[in-house]
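Engineer: Structure in structure tokens, see below.
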């Protein structure tokens with residue numbers, strides 16, 4: 001495997017990309033690419049990444065978020081998948097396992113559907129897949145409607161408060177709140193795309209092994225969606241993180257790191 005230098009913070013066509021390459025890693029192991037969800041960023045995986053010294057690691061701020069804010073907004077979910085392919089190209093990794101959290105999991109499945117031979121497996125943690133239960137109108141929990149009425153900054157604040165709670169929002173510094181609000185255009189673009197029938201892949205068509213992930217304390221709707229997705233995938237297993245909610249990568253870093261190892265193990269088993 002030929003990867004770029006350890007610990008590099010790179011920019012690829014305006015995308016902020018983190019590469020952590022460890023020279024002592026088994027060269028036969030695939031690299032791990034982390035893909036974050038809506039209103040998130042690569043840095044949210046940092047505690048998990050520190051617990052994975054035996055792997056080469058990649059993570060990116062998706063277009064329109066955090067360090068990739070200047071890169072503009074993706075017009076479709078497929079454009080986000082194009083970015084993932086570009087990051088793999090740029091990293092030089094010959095094989096990868098993709099770990100997607102929330103909407104990042106939906107994108108990981110989109111990448112799996114392209115049958116790129118470098119992608120050996122995917123981990124999908126509580127990913128939205130509205131095509132399975134015809135829940136298109138529920139995508140975003142009202143953020144799209146808020147954006148239509150009050151603009152993208154208001155939509156971003158509404159969605160962030162919805163996902164992490166009022167207390168967490170209130171603890172943020174004003175500059176951090178402003179940074180989150182600035183991500184409203186990216187959020188609205190991907191939520192609207194997710195509401196569009198046919199925008200996500202048919203999970204029945206995915207031949208790769210998929211390790212599903214779910215927190216035992218997550219919202220019922222997310223647990224039910226994950227169960228439906230597992231049933232639709234031809235080859236999948238379920239990994240439950242006890243005591244965790246949707247933000248397991250933040251609250252249960254040790255357990256999420258074990259989940260990542262399980263994803264790699266499933267992808268590479270003979």
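In the UniProt record's numbering, the protein residues as written are 1 to 270.
Here a beta-carbon is modelled for each residue, glycine too, at the ideal position from N, C-alpha and C.
1. Please report the distance separating the alpha-carbon of residue 265 from that of residue 212.
2. Name the residue from 159, 63, 66 and 47 whose alpha carbon lies nearest to the alpha carbon of residue 57.
3. What are the start and end residues of each continuous beta strand (DSSP E) run of 3 or more residues lying completely inside the segment 59-143, in chain order?
4. Determine the burial state of residue 20: buried for a count of at least 16 other Cβ atoms within 10 Å of its Cβ, exposed for fewer.
5. Can you tell which of 45, 133 and 33 has the C-alpha that lies nearest to the C-alpha of residue 251?
6. Tell me whether residue 139, by its Cβ, gets closer than 7 Å to a heavy atom of the ligand NAP.
7. Can you name the start and end residues of the beta strand (DSSP E) that residue 237 belongs to?
8. Quick one: measure Cβ to Cβ for residue 88 and residue 118, integer angstroms, because I've assumed they're closer than 8 Å.
9. Kindly indicate which three-state DSSP category residue 34 falls into: helix, strand or coil?
10. With residue 185 and residue 81 assumed to form a contact (beta carbons below 8 Å), what rounded beta-carbon distance in angstroms separates them?
11. Quick one: give me the first and last residue of the beta strand (DSSP E) that residue 20 is part of.
12. What are the start and end residues of the beta strand (DSSP E) that includes residue 211?
13. If you draw a straight line from the C-alpha of residue 59 to the C-alpha of residue 149, how long is it?
14. If the criterion is Cβ atoms closer than 8 Å, does the pair residue 110 and residue 35 meet it?
15. Which residue from 94, 95, 97 and 68 puts its Cα closest to that of residue 83?
16. In this structure, what does DSSP give as the bridge partners for residue 250?
17. When we look at the beta-carbon of residue 231 and count the other beta-carbons within 10 Å, is it buried (16 or more) or exposed?
18. With a cut-off of 8 Å, do at least 3 Cβ pairs link the segment 15-29 to the segment 87-103?
19. Near residue 267, which residues of its chain fall below 6 Å by C-beta distance, leaving aside the five closest residues on each side in sequence?
20. By DSSP, does residue 233 sit in helix, in strand, or in coil?
21. Within 10 Å of its beta-carbon, does residue 249 have 16 or more other beta-carbons around it, so buried, or fewer, so exposed?
22. For residue 266, which three-state DSSP category applies?
23. Are the CB atoms of residue 71 and residue 64 within a distance shorter than 8 Å?
24. Where does residue 194 fall in DSSP's three states?
25. To the nearest whole angstrom, what separates the beta carbons of residue 224 and residue 241, a pair I think is in contact under 8 Å?
Structural biologist: So, from the listed chains and residues:
1. 13 Å
2. 47
3. 96-101 and 119-125
4. buried
5. 45
6. Questions concerning the ligand NAP fall outside what the structure shown contains, since it holds no ligand whatsoever.
7. 236-241
8. 6 Å
9. strand
10. Residue 185 to residue 81, Cβ: 19 Å. No contact.
11. 15-20
12. 210-215
13. 34 Å
14. no
15. 68
16. DSSP, once it has assigned bridges, lists no residue as partnering residue 250.
17. exposed
18. yes
19. 97, 120, 121 and 209
20. coil
21. buried
22. helix
23. yes
24. helix
25. With 8 Å as the limit, residue 224 and residue 241 do not qualify as a contact, their Cβ atoms being about 17 Å apart.
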